[in-house]
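Asker: Just dropping this structure here.
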Amino acid sequence: MSVDVKVLAWKLDTMFMLRRIMLNKTTNNTGLYMGQLPILAYICHNDGCTQKEISDWLNVSPASIALSTKRLQKAGFIKKTVDKDNLRCNRLSVTESGSETAFKCREAMNVFDTEMFSGIGEEGLEQFNKTLDIFINNLTGGEGLDVDFVPMMEMDETIQKRIKFRKEKEKDDTDEEPA
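Reading the sequence shown from the start, the letters are residues 6 to 184 in the numbering used here.
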């Protein structure tokens, strides 16, 4: 039995579309626009970074990042500070509102991703990871992607710590209430 690559490509497109819809639903309730979560995550873990650093990390135009950071600033998620050594350079930092929003969005996406990959098992996930690497190599001519996923991974670790802390706090709060 042969598998039609067109069907596989269609299934990939469907999966990406469903994931994008989920991300859209998650961010719509927060005031974030599509594509701003990775920017916010980067700023969370690279306090004082520049727009150029973000555009290099995401491999998008500086103009695109300039527009996104302007919107993020207007929404109160980030603040820009002029670099004292280079007046043409803005340093970016996340506000408390921006940090909380980023964590809530990542938390929702982590739940979605866990659900999406449930039932596959460790061996299946390892094989899928290898298959994705092959896709990326095929599409980039063997060069792969020069993307640093560390900010997202760090944010996930922080989210897990905050979830654990909140659950422990909720448990403590219920323990303290009179019966």
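Each residue gets a CB set at the ideal place from its N, CA and C atoms; glycine is no exception.
Could you check the C-alpha separation between S73 and N91 for me, to the nearest Å?
Answerer: Going from the Cα of S73 to the Cα of N91 covers about 22 Å.
Asker: Helix or strand or just coil, what does DSSP make of L42?
Answerer: Here L42 sits in helix by DSSP.
Asker: For N34, does the count of other Cβ atoms within 10 angstroms reach 16, so buried, or fall short, so exposed?
Answerer: So N34 ends up on the exposed side.
Asker: Is it right to say T19 is buried, meaning 16 or more other beta carbons lie within 10 angstroms of its own, or is it exposed?
Answerer: It counts as exposed.
Asker: Quick check on this structure: which residue in C94, L144, D52 and S104 has the alpha carbon closest to the alpha carbon of F186?
Answerer: Past the edges of the chain, shown from 6 to 184, lies residue 186, and the structure says nothing about it.
Asker: Assign L37 to one of three DSSP states: helix, strand, or coil.
Answerer: Coil at L37, not helix or strand.
Asker: Taking 8 Å as the threshold, find out whether the stretch 61-79 comes into contact with the stretch 31-51 through three or more Cβ pairs.
Answerer: Yes, the stretch 61-79 touches the stretch 31-51.
Asker: Let me know if Q41 comes out buried or exposed under the rule of 16 or more other beta-carbons within 10 Å of its beta-carbon.
Answerer: Buried: at least 16 other Cβ atoms inside 10 Å.
Asker: Can you name the residues that DSSP bridges to S60?
Answerer: Note: S60 sits in no beta bridge, so no partner.
Asker: Just list the alpha helix (DSSP H) runs in the stretch 45-108, keeping only unbroken ones of 4 residues or longer that don't cross its boundaries, in chain order.
Answerer: If we require 4 residues or more, the alpha helix (DSSP H) runs fully inside the stretch 45-108 come out as 56-63 and 67-79.
Asker: What is the rounded straight-line gap between the Cα of N134 and the Cα of R25?
Answerer: Their Cα atoms are separated by approximately 20 Å.
Asker: Can you tell me where the alpha helix (DSSP H) with L148 in it begins and where it stops?
Answerer: According to the sequence shown, residue 148 is Glu rather than Leu. Premise fails: E148 is in no alpha helix (DSSP H) and is neither H nor E.
Asker: May I ask you to report which of helix, strand or coil DSSP gives V8?
Answerer: Coil at V8, not helix or strand.
Asker: I need the boundaries of the alpha helix (DSSP H) containing I139, first residue and last residue.
Answerer: G126 to L144 is the extent of the alpha helix (DSSP H) around I139.
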